[in-house]
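Colleague:
In the UniProt record's numbering, the protein residues as written are 1 to 1146.
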């Protein structure tokens, strides 16, 4: 079909289609397709104003809105380049346009309006040109009067209409279209180019719908009523005609009306556009909105019919992708609901969908349940079937011996399998795969299991490996024929005990030969051997018999008495030798051995016993036995002696008596005459309380008696001997008198009183042990040891006893200890034990005695000393033992004066310190005194500290001090007075350095003079200067007694810093007081001032001002004058400020 390229027209057909008959010169649009002829649905939607219309272009196959426009009646819309559509008027319904063409009018102006397309692609490919017309629809009874032309699109209304129209076009009834005031159906006629416009009223079809109803005469005959059913919020036209007797009259003019709004209609079920294994995409079409725009859609779903529906999506989109990773083969149900401002509509019909299934997951490795030498039993767990039951399992095995790789061993539904007929000690690799209706899973990870090896097979009999000896058998063996599939690691050799008992392991190792030692001669042994691998020990070989050689008997037992000995006969018997040498004993020989070494054979026979007669009673005889077998005779057994029946011994003679001490008696006696029975025991009895009591019972012929023996006491004793034949008579009674002993131990020593040089003690008299105590010996050990001898017979009270004084060396050491607290004194190095007897009047011991106790006062002791005291008694017999030590302390003496020294000295204070020699037992109190002008001493400190500071002293003045220490024993002596001198006082520093005059090359400085401390002191000032720019050290520029100085030869326009200090020079008399006093004493520096010299250019300008300043500076203002000037200036400024503030406020 050929068409004009300059102009293209739209033919209006009756089939609700528009066909574009133009060969597009540009590239075809993707939305309309690539064919030259395209069918479009054009829907005209009038607005409330009656003039403006919404024009929608819809693609019929997809129901997608291509473009939307706003135009007035009679306007031309360019729907495609070169293709135009004219918007008709309402009064043109039924007007015959067939064959009429409407070209583009060039006299109209063009306005470009951007269409509200669904996609940006259609916006780029479908621009629109609207040719407006000022005409409007005067016949529309619904939309009112004409309105002004709108050239801009209403975005919100267009979006809502576009969604509603897209839903209606995509319904199953694709040919049924909704319109509003006017709906046109366009039919493309290929025979001609005429267009016929057929108007029709709104409804669910493209024609008027006739409805008949009966007429009942109302009260007012000229009024009738009829009820018609229409959709909600839908404009429609109605016309009426009368029918009588099947005769129909003509219709009246159409009347327009609009129904009310309602909730949306029940939508169609959603449809599934895309689906995968565990996801799907839902789409749906918009239902009729009930006259109110749809606000949202709600999709609900459930995975089980027993569950309730749950919200899946709520929103304005008409598609949704479900990515919930749905399990395979799961039945899901969906329902759709639309809602507008009036409420929610009905749910759609339920959509059911069954998700796709999948192959099973990768199974786990097969597990080994049982293992043998030729079989492996495997089992496995069922993997996830992904919604489809597993149909079979495939188990593959890789045999390393055949080289074929993995071969199928089992296919079936069972979850276990046993592989039989396998090789022993061989590794096999397995993998598993599961299969269902949707395919097979991946193979599991290969796993390797090995069969077990067998124990080695039966071995041959062991063989001799040399000659058999009486105590050993050498054996060897070979390899087994069957190793069991594993390496032989050792052999096990077992043997019985030669008596047919159970076998015992005698060798276990890798060698194939062994020598069995420690065997019995003449025995037949059974031997068997087996090989061993890692699996275990194999079958033992048949038993092999080996017999050792016989030897002479050994270890013949000595004879023994079979019956009690008689006076003249001894009955002997003996046991079989412990080692018969592997052969039967053929005879025994018994010999009797005499004391001279000779022997006689008294028996030779097979029996193991004999009787020897013609013996003397009570005499001992010695016998030995010998055994003989086929190999020879054994050695004689050990000799044993037997006695004939004995008699009891005779009475014992009185013993020899000696005394080891007064309480220790030694008895010694001779053995009595025996009658064939030896003495088995001796008994010694002592007479106590008129009865003899046994005090000794033993086998020796002597005894020591210590218990119950007192010195100087008479005792009565008797002896008796015991034997197997009976007891001897008692010996004659003998008397023993013990000698006297030294005195007993002194006990209960008491310390009654102690002072710094004495101690009063008391003790009771000890036991004298048969000899009167004549004196006592006292030993007191302190820094030295002293021994006292005191007679008991002295009766003079308070008589004096002598002791030996301490050695001179000890005195020297003690004196060194007192003189120096830093030296350690050890009394053990100088200790001496001194002895002395009582010598009359010169003594340091006081003695008192009575009948029961002794009392002594020891004097001349050293103070503050620990003493250990012990006492022993002396009699004519000897000296008794020392008593236990008794310790006591003598009280200490008053302390010595400490050494006084000065730790720091200044011009106004002295800090004194001192050491002390106090013991650990006492606390010292120190008293420090200072000498006053009258020569007496006043106490300045008393306390336990070891230092004290005196302040508010004068310079270069001597001060005299002494110190004393005291403790519980009293006050000690004062130390020697010691003089300390205070130091010289440094001079006061200059408080302020003042610049009086500044020039380009000189600076004049003044300062306040410093008062002299003493009238004869010389005070000098030292001025120092520093160049700020050079940064060097301060250099001295002046030293003298003046209080002003002018620094000259300075550089102009330079900064300088100045400081000053004072030097005090002492007089010769003051310097002679202390040798180390310096001649000159310096003060600290004054505060630093900074002065800048003038520039040379401005020096002349300021010369006049400086001359005016100089007289004022020459006056020499003091600090008081300067302070008054500052005060007056401040008060003046305050008054002026207050006045100005008052003026400003008023």
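Heads up, the beta-carbon is just placed ideally off N, CA and C, and yes, glycines get one too.
Quick caveat: nothing in here was measured; it's all calculated off a predicted structure.
1) DSSP three-state label for residue 421, please.
2) Considering only their Cβ atoms, is the gap separating residue 592 from residue 606 smaller than 8 Å?
3) Using beta-carbon positions only, say whether residue 714 and residue 665 come within less than 8 Å of one another.
4) Exposed or buried, which one is residue 1016 when buried takes at least 16 other CB atoms within 10 Å?
5) Tell me whether the beta-carbon of residue 775 lies closer than 8 Å to the beta-carbon of residue 784.
6) Are the Cβ atoms of residue 452 and residue 443 separated by less than 8 Å?
7) Could you check the C-alpha separation between residue 485 and residue 407 for me, to the nearest Å?
8) Does residue 1072 come out as helix, strand or coil in the three-state DSSP assignment?
9) Kindly indicate which residue of 772, 290, 270 has the alpha-carbon position closest to the one of residue 282.
10) Is it buried or exposed for residue 508, if we count other Cβ within 10 angstroms and need 16 for buried?
11) Return yes when the Cβ of residue 649 is within less than 8 Å of the Cβ of residue 617, no when it is not.
12) Helix or strand or just coil, what does DSSP make of residue 463?
13) Taking the beta carbon of residue 1058 as the centre, do at least 16 other beta carbons fall within 10 Å, making it buried, or is it exposed?
14) Hey, residue 538 and residue 530: beta-carbon distance below 8 Å or not?
15) Tell me which same chain residues have a C-beta within less than 7 Å of the C-beta of residue 621, skipping the five on either side of it?
16) Please identify the residue among 681, 709, 765 whose C-alpha is closest to the C-alpha of residue 687.
17) Let me know if residue 45 comes out buried or exposed under the rule of 16 or more other beta-carbons within 10 Å of its beta-carbon.
18) Please go through the same chain and pick out, in chain order, the residues whose beta-carbon is closer than 6 Å to the beta-carbon of residue 563, but skip the five residues on each side of it.
19) Taking 8 Å as the cut-off, does the stretch 451-465 touch the stretch 481-501 (at least 3 CB pairs, one atom from each stretch)?
20) Could you check if residue 716 is buried or exposed, using at least 16 other CB atoms within 10 Å of its CB as the buried criterion?
21) Would you kindly check if the distance between the Cβ of residue 1085 and the Cβ of residue 1061 is under 8 Å?
22) What residue range does the beta strand (DSSP E) around residue 1026 cover?
23) Suppose you measure from the CA of residue 1009 to the CA of residue 1136; what does that come to, to the nearest Å?
24) Might you give, ordered along the chain, the residues of its own chain that have their beta carbon closer than 6 Å to the beta carbon of residue 438, omitting 5 neighbours on each side?
25) Just checking, does the stretch 543-562 make contact with the stretch 573-586 on the three C-beta pairs under 8 Å criterion?
26) Relative to the alpha-carbon of residue 754, which residue among 1024, 935, 888 has its alpha-carbon at the smallest distance?
27) Which residues in the same chain have their Cβ closer than 6 Å to the Cβ of residue 263, if we skip the five residues on either side of it in sequence?
28) In the DSSP assignment, the beta strand (DSSP E) including residue 55 goes from what residue to what residue?
29) Assign residue 879 to one of three DSSP states: helix, strand, or coil.
30) Please report the distance separating the alpha-carbon of residue 745 from that of residue 773.
31) CA-CA distance, residue 742 and residue 659?
32) So for residue 989, helix, strand or coil by DSSP?
33) By the DSSP assignment, the beta strand (DSSP E) with residue 1011 in it spans what residues?
34) Express the C-alpha separation of residue 1014 and residue 972 in angstroms, rounding to a whole number.
35) Would you mind reading off the limits of the beta strand (DSSP E) that contains residue 704?
36) What residues are listed by DSSP as bridge partners for residue 611?
Modeller: Taking the geometry as given:
1) Residue 421 sits in coil when the DSSP states are folded into three classes, being neither helix nor strand.
2) In this structure, residue 592 does not lie closer than 8 Å to residue 606 by Cβ.
3) For the pair residue 714 and residue 665, the CB atoms are not nearer than the 8 Å cut-off.
4) Exposed.
5) Remark: C-beta atoms of residue 775 and residue 784 do not approach each other more closely than 8 Å.
6) Taking 8 Å as the cut-off, the Cβ atoms of residue 452 and residue 443 do not count as close.
7) Going from the Cα of residue 485 to the Cα of residue 407 covers about 24 Å.
8) In the structure shown, the three-state DSSP call for residue 1072 is helix.
9) It is 270 whose Cα lies nearest to the Cα of residue 282.
10) Residue 508 is exposed by the Cβ-count criterion.
11) Here residue 617 is not near residue 649, since their CB atoms are 8 Å or more apart.
12) DSSP places residue 463 in strand when its eight states are reduced to three.
13) Per the 10 Å Cβ criterion, buried.
14) Annotated as proximal: residue 538 and residue 530, with beta-carbon spacing under 8 Å.
15) The answer, listed in chain order, is 570, 592, 615, 641, 642.
16) The option with the nearest alpha carbon to residue 687 is 709.
17) A residue is called buried once 16 or more other Cβ atoms fall within 10 Å of its Cβ, and residue 45 is buried on that count.
18) Here the set comprises 571.
19) Contact between the stretch 481-501 and the stretch 451-465 is established, with three or more Cβ pairs separated by less than 8 Å.
20) Counting other Cβ atoms within 10 Å of its Cβ, residue 716 stays below 16 and is therefore classed as exposed.
21) Contact: yes.
22) Note, residue 1026: beta strand (DSSP E), 1018-1027.
23) Rounded to whole angstroms, residue 1009 to residue 1136 spans 39 Å at the Cα level.
24) So the list reads 357, 358, 359, 388, once near-sequence residues are dropped.
25) Yes: at least three Cβ pairs fall under 8 Å.
26) Nearest of 1024, 935, 888 to residue 754, Cα basis: 888.
27) The beta carbon of residue 263 sits closer than 6 Å to the beta carbons of 290, 342, 343, 345 from its chain, once the five residues preceding and following it are set aside; these are given in chain order.
28) Taken as a continuous stretch (DSSP letters only), the beta strand (DSSP E) holding residue 55 covers 52-59.
29) The answer is strand: DSSP assigns residue 879 an E or B state.
30) Rounded to the nearest angstrom, the two C-alpha atoms are 12 Å apart.
31) Taking the CA atoms as reference points, residue 742 sits about 15 Å from residue 659.
32) Secondary structure at residue 989: coil, using DSSP grouped into helix, strand and coil.
33) Segment: none, residue 1011 is in no beta strand (DSSP E) and carries neither H nor E.
34) Residue 972 and residue 1014 have their alpha carbons spaced roughly 42 Å apart.
35) 702-705 is the extent of the beta strand (DSSP E) around residue 704.
36) In the DSSP assignment, residue 611 forms a beta bridge with 571.
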